[in-house]
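Residue numbers for the sequence shown follow our numbering, beginning at 83 and rising by one. Below: the structure, in structure tokens.
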Amino acid sequence: MTLLIAIEGIDGSGKGTQAAKLNAHLNAIGHKSSLLSFPRYRQTCFGQKIGDFLNGSFGSLDAVHPLLVSLLFAGDRFESKELVEQTLAEHDVVVCDRYVASNVAHQGAKVDGAERTQLIEWIQHLEFSIYRLTPARLTLFLDVPVDHAQRLIAAKSKRDYTDKSADLQEADGHYLARVRDVYLELARGTGWETIPCVHGSSVRSVDEIAADVASVVVPFIGKQPKP
Ligand code: ADP
């Protein structure tokens, strides 16, 4: 049994936090689980250029066509393909903090209508049919409205790929709102599990959200056929 589980959501939605909690919980209850995080800013050649892009080295967010941007994120995963396959071979669960759907949501958000549909299909073709990356078996979408996510981004500690408190994407609330819309569209159409992370006017606690995540993932793993 090898299961790749993707944790998705807009920037600042708690993906890193929840992916780490889920991985720890799965190990604590006896699964052999490992955690991977994309982009791999420091570890891949493409990841370093993603850092440059998010720092504005290639111009503003809309200065580079999303199809070309998608090549960087897909390339980062292609460069990590052996690592993903090796980690899957050595574990029964691999939790990914972001995966292919992040590329789809972030680039798809920059165009509309038929152009969005074509771009999404193109990215999926590139990542799954050409690069032959392992698809996620389960995707969880952490749904956080943009104003809350931006407050969480402001509270983040310094990242190694940027000196800024918010990178190009994180600083642009209008862009993040469009990314959230694409995520919601994908979640409705593709059988993802959506975890609402805000209740009333507050973000729910890390532990409450983690309990919801576990309540989806643990039964899902239990239903998988044994090897
Ligand atoms: P992402 O990986 O989606 O960008 P992070 O997991 O890095 O998000 O979380 C962003 C910031 O918000 C971090 O400083 C994290 O500690 C904090 N955080 C995450 N989830 C919550 C939560 N439910 N309540 C309060 N703070 C949170």
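Built from N, CA and C at the ideal position, the CB exists for glycine as well. Just so it is clear, the structure is predicted and the values come from calculations on it, not from any experiment.
Annotated three-state conformation of A88 is strand, per DSSP. Judged by DSSP secondary structure, E275 falls within the beta strand (DSSP E) whose first and last residues are E275 to P278.
As the crow flies, the alpha-carbon of F160 is around 15 Å from that of A218. Checking the DSSP bridge columns, you'll see S119 partnered with D179. The continuous alpha helix (DSSP H) containing T99 extends over residues K97 to A110.
Boundaries of the alpha helix (DSSP H) around F128: C127 to L136. Where D225 is concerned, the enclosing beta strand (DSSP E) starts and stops at L220 to D225.
K240 and T99 have their C-alpha atoms spaced approximately 15 Å apart. Shortest gap from the CB of S116 to any heavy atom of ligand 1: 7 Å or more.
Under the three-state reduction of DSSP output, H173 falls in the coil class, being neither helix nor strand. Using a C-beta cut-off of 8 Å, the segment 290-300 makes contact with the segment 100-111, since at least three inter-stretch Cβ pairs fall below that distance. In this structure, the alpha-carbon of K163 lies about 7 Å from that of L215.
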